[in-house]
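In our numbering, the protein residues as written are 94 to 403. Note that CB positions come from ideal geometry on N, CA and C, so glycine has one too. Some notes on the structure that comes next.
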Amino acid sequence: MSRAASAESGRGGTAPQAPWRPFCGGKEPMRTPRESRGLWRASLRSGDGWRAVRAARGPYATASMLEWGSITKGLVGTTAWLTLEVQRPVAHYLPAIPDSEMTVADLVHHTSGLPRLPAVMPDRLFGDPYRKAAGVSLDLAAAVPATPRGQFVYSNLGYALLGAVLDEVHGDWFTAVRQHVLEPAGISSATLEPLPTDRVVAKLFGRTIQPWALGESSFAAAGGVWSTFDDLCRYADWALEPGAGASRTVSWQREGASIWINGEVRAAGAVIANAAGITAVVHTLAKAPRAADAIATALIERQVRETCNG
Numbered sequence: 094m095s096r097a098a099s100a101e102s103g104r105g106g107t108a109p110q111a112p113w114r115p116f117c118g119g120k121e122p123m124r125t126p127r128e129s130r131g132l133w134r135a136s137l138r139s140g141d142g143w144r145a146v147r148a149a150r151g152p153y154a155t156a157s158m159l160e161w162g163s164i165t166k167g168l169v170g171t172t173a174w175l176t177l178e179v180q181r182p183v184a185h186y187l188p189a190i191p192d193s194e195m196t197v198a199d200l201v202h203h204t205s206g207l208p209r210l211p212a213v214m215p216d217r218l219f220g221d222p223y224r225k226a227a228g229v230s231l232d233l234a235a236a237v238p239a240t241p242r243g244q245f246v247y248s249n250l251g252y253a254l255l256g257a258v259l260d261e262v263h264g265d266w267f268t269a270v271r272q273h274v275l276e277p278a279g280i281s282s283a284t285l286e287p288l289p290t291d292r293v294v295a296k297l298f299g300r301t302i303q304p305w306a307l308g309e310s311s312f313a314a315a316g317g318v319w320s321t322f323d324d325l326c327r328y329a330d331w332a333l334e335p336g337a338g339a340s341r342t343v344s345w346q347r348e349g350a351s352i353w354i355n356g357e358v359r360a361a362g363a364v365i366a367n368a369a370g371i372t373a374v375v376h377t378l379a380k381a382p383r384a385a386d387a388i389a390t391a392l393i394e395r396q397v398r399e400t401c402n403g
């Protein structure tokens, strides 16, 4: 994968380097995702429907609401594409922004020139960059491009601004997302601030690793949605439905015949990936960066080889 696709990592981040290109007959050693340690959950879908690869256990068995991270961007990008004039300048909707040229489509595709986060937001390894943005409106004056328009630069600020545009047009971006994506996909449990007892979270030395305050912040449209694992699968079905319009995956990443969307937050990761007619949905807790992507890749490769071997 050649472009950044990981979500809100406090250290920034790039997409995994190996694209989903599974094939038959290769001599490389087969990966063994089922032997991977740690907390994760996964399902695969091929021609015969969804199959659990790793069922709920540990925190996944005692609570239900997962951080989707930047998979949120898939919901927001589709809503923008369906309801806004995407070639219009963002300033048409938000006249107070400093740049008059960036378009709505630029925000969706990460080509606005905006940085990942505003320069005024701290980006420390163990900090929460979104805490100070909780409960306050987005500072439109901070939407200053740092690179030339048209160049791909992964931007949470861009999607926060896209959420502000949807707020301006619809009154509330999340209500619009519900109407245009979540309800059509059969998803009813998604929220920005689930009850603490409902959250699937990791622990370190017996203490909960507190999630970032994304859902409470003006950056919620960049990665603040929580919902269930089954809802991740429902979203995958809806977005990848054969014959569906391209707007359903307008914020996803592509390389060749592979398509995916992923996200990483403080102590969780998630990915939906499709290649060779197989869809993998993976969620992880407290694992290495891009662990969900690596597991999804291994699961798809394994399924392809098992199919090839009859």
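Buried/exposed call for residue i, threshold 16 Cβ in 10 Å
i: E399; result: exposed
i: T268; result: exposed
i: V213; result: exposed
i: N355; result: buried
i: R383; result: buried
i: T290; result: exposed
i: N402; result: exposed
i: D141; result: exposed
i: S344; result: buried
i: I393; result: buried
i: G362; result: buried
i: P238; result: buried
i: F245; result: exposed
i: G228; result: exposed
i: I388; result: buried
i: E160; result: buried
i: T390; result: buried
Secondary structure of residue i, DSSP reduced to three states
i: I164; result: helix
i: P182; result: strand
i: I393; result: helix
i: A366; result: strand
i: I371; result: strand
i: L207; result: coil
i: E357; result: strand
i: T176; result: helix
i: W331; result: helix
i: A384; result: helix
i: G256; result: helix
i: E399; result: helix
i: S340; result: helix
i: E261; result: helix
i: L132; result: strand
i: L378; result: strand
i: L187; result: coil
i: T155; result: helix
i: L231; result: coil
i: P115; result: Because the pLDDT of P115 is 47, which lies under 50, any placement of that residue in the model is unreliable, and the number read from its coordinates should be weighed accordingly. Here P115 sits in coil by DSSP.
i: G142; result: strand
i: R147; result: strand
i: T196; result: strand
i: R224; result: helix
Integer Cβ distance of residue i from residue j, believed to fall under 8 Å
i: L259; j: A173; result: 6 Å
i: V364; j: D386; result: 5 Å
i: L175; j: H273; result: 5 Å
i: V374; j: A329; result: 6 Å
i: R134; j: R147; result: 5 Å
i: I371; j: Q346; result: With a Cβ gap of about 17 Å, I371 and Q346 do not count as contacting.
i: V262; j: Y186; result: 6 Å
i: R224; j: A306; result: 5 Å
i: G131; j: K380; result: 5 Å
i: Y252; j: A315; result: 4 Å
i: V294; j: P304; result: 6 Å
i: G317; j: G308; result: 4 Å
Reference residue i, options the options, closest by Cα
i: P182; options: S163, K166, T204 and G167; result: T204
i: R197; options: V293, R242 and I371; result: In the sequence under discussion, the amino acid at residue 197 is Val, which differs from the Arg named in the question. When only C-alpha atoms are compared, the closest one is R242.
i: A266; options: A226, G170, P287 and W319; result: Note that residue 266 corresponds to Trp in the displayed sequence, not to Ala. Closest option to W266, Cα to Cα, is G170.
i: S157; options: S163, R209 and W319; result: W319
i: W331; options: L275, G228, P304 and G299; result: L275
i: A404; options: S311, S139, P215 and G167; result: Nothing about residue 404 can be reported from this structure: the residues present for the chain run from 94 to 403 only.
i: E178; options: L168, A235, I190 and L200; result: L200
i: L168; options: A360, T284 and V294; result: T284
i: L325; options: G131, L250, L132 and I164; result: I164
i: L254; options: A391, P277, A236 and W161; result: A236
i: E348; options: N367, I280, R341 and P335; result: N367
i: I302; options: R144, L210 and L378; result: L378
i: E334; options: G317, F322 and I352; result: I352
i: R341; options: G151, L159, S193 and K166; result: K166
i: G279; options: D323, A257, S248 and G162; result: D323
i: A350; options: T390, A369 and E194; result: A369
i: S281; options: R327, H202 and T155; result: R327
i: A234; options: T155, A184 and G338; result: A184
i: D192; options: S136, T321 and T240; result: T240
i: P277; options: G162, A337, T155 and P211; result: A337
*Length at least 4, wholly inside the segment 267–318: the alpha helix (DSSP H) runs in chain order*: DSSP runs (the alpha helix (DSSP H)) wholly in the segment 267–318: none.
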